[in-house]
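Trainee: Pasting a structure below so you can have a look.
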Amino acid sequence: MESVLDFNNFHSAATVEDRAKSALLRPNPRLERALTNSAAKGIPAISVLPLAGQHLSIVARLMGAQSVLEIGTLGGYSAICFAGAGADVRVTSVEVDPKHRDVALENVEGLGNVEVVLGDAEEVMARFVREGRRFDLVFIDADLDRQWEEFDLAVKLTRRGGCVWLDDVVASMFKNGQVGREEQDPTTESVLTKVGKDDRVKATLVPTVVCHPAMSANPVFNGFILATVL
Ligand SMILES: C[S@@+](CC[C@H](N)C(=O)[O-])C[C@H]1O[C@@H](n2cnc3c(N)ncnc32)[C@H](O)[C@@H]1O
């Protein structure tokens with residue numbers, strides 16, 4: 510019997526994701542402890558999902574990244590993923606909430622290559638710009654309503670040929686009611702459009718299907734911007 514490609518497959522996303530997790534992820538006691546400790550301390554379960562964390566780690570490794578700036582630490586899950594990307598990598602992660610920062614410090618204890626900075630993202634990033642700091646990779650995973658401002662600062666903080674990963678771009682466009690609206694009203698611009706007009710970068714949108722039981726019973730269409738600095 511000839512098989513037919515079934516493109517009506519969104520409903521099976523969770524099954525494929527479960528298969529991918531058990532096939533591709535190796536046990537990582539530190540990441541598992543971080544999730545358990547974060548839950549015990551009342552930190553919301555909104556860290557990147559395990560396969561996405563592995564994706565972050567692989568990209569940093571592919572780049573040979575030695576310096577990663579993360580915006581939005583939460584309990585340190587993605588910071589731990591970056592910290593494992595290579596022997597030479599150093600991670601600086603910025604978090605505005607002191608409680609999240611404290612739990613993240615517990616979760617990264619003993620990792621010599623992770624620094625957690627307490628402060629508002631834009632203030633800390635502006636200070637880093639003044640100090641002339643540069644990173645190989647900037648990962649933005651903080652405030653959905655400040656994505657453009659944080660992206661703009663991230664570009665200033667990224668070396669030429671480095672990369673800015675702006676997470677949850679599709680989620681923020683839906684949250685802000687921008688999907689479809691821009692086409693009718695060109696005065697409203699999503700972060701996607703603003704990045705597209707930015708001559709400092711070459712960027713793409715990487716669409717994702719996310720199965721996040723804490724947020725939605727159904728798979729969700731999301732996506733991130735991956736930009737390289739020219
Ligand atoms: C989605 S969570 C980050 C998840 C984390 N990257 C991970 O995957 O483990 C977003 C975090 O950003 C922090 N945040 C929100 N607004 C911020 C701001 N203006 N400056 C710094 N951190 C902020 C929140 O307190 C929260 O801990």
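Each residue of the sequence shown is one higher than the one before, counting from 510 in the numbering used here.
From the three backbone atoms N, C-alpha and C, an ideal C-beta is built for every residue, glycine too.
Remember, predicted model here, so these are calculated numbers, not experimental data.
When you measure from the CB of Ile649 to every non-hydrogen atom of ligand 1, does any distance come out below 7 Å?
Mentor: False, no ligand heavy atom lies under 7 Å from that Cβ.
Trainee: To the nearest whole angstrom, what separates the beta carbons of Ile580 and Glu659, a pair I think is in contact under 8 Å?
Mentor: That belief holds up - the Cβ atoms of Ile580 and Glu659 are roughly 6 Å apart, short of 8 Å.
Trainee: Check this for me: beta carbons of Val600 and Ala588, under 8 Å apart or not?
Mentor: yes
Trainee: Which partner residues of Lys550 appear in the DSSP bridge assignment?
Mentor: Its beta-bridge partners do not exist; DSSP assigns none.
Trainee: Check this for me: beta carbons of Val638 and Ala736, under 8 Å apart or not?
Mentor: no
Trainee: Alpha carbon to alpha carbon, what distance is there between Val678 and Ala712?
Mentor: As the crow flies, the alpha-carbon of Ala712 is around 13 Å from that of Val678.
Trainee: Do the CB positions of Asp661 and Val557 come within less than 8 Å of each other?
Mentor: no
Trainee: Quick one: is the Cβ of Glu615 within less than 7 Å of any heavy atom of ligand 1?
Mentor: no
Trainee: Quick one: Cα of Thr702 to Cα of Ala592, how far?
Mentor: The straight-line gap separating the alpha-carbon atoms of Thr702 and Ala592 is approximately 32 Å.
Trainee: Identify which residue in Glu541, Pro553, Leu533, Pro538 has its Cα closest to the Cα of Met722.
Mentor: The residue you asked about is not Met; residue 722 is Pro in the sequence shown. Per the Cα distances, Pro553.
Trainee: Identify the continuous beta strand (DSSP E) that holds Asn517 and give its terminal residues.
Mentor: Element bounds for Asn517: n/a, residue is neither H nor E.
Trainee: So, helix, strand or coil for Ala477, using DSSP?
Mentor: For the chain, the structure presents residues 510 to 739; residue 477 sits outside this window and is missing.
Trainee: Tell whether a beta-carbon distance below 8 Å holds between Val715 and Phe733.
Mentor: yes
Trainee: Using a threshold of 7 Å, is the CB atom of Ala592 nearer than that to any non-hydrogen atom of ligand 1?
Mentor: no
Trainee: Residue range of the alpha helix (DSSP H) that Ala630 falls in?
Mentor: 630-639
Trainee: Sorry if obvious, but does the Cβ on Leu739 come closer than 7 Å to a heavy atom of ligand 1?
Mentor: no
Trainee: Would you say Gln575 and Leu533 are within 8 Å of each other, going by their C-beta atoms?
Mentor: 8 Å or more divides the Cβ of Gln575 from the Cβ of Leu533.
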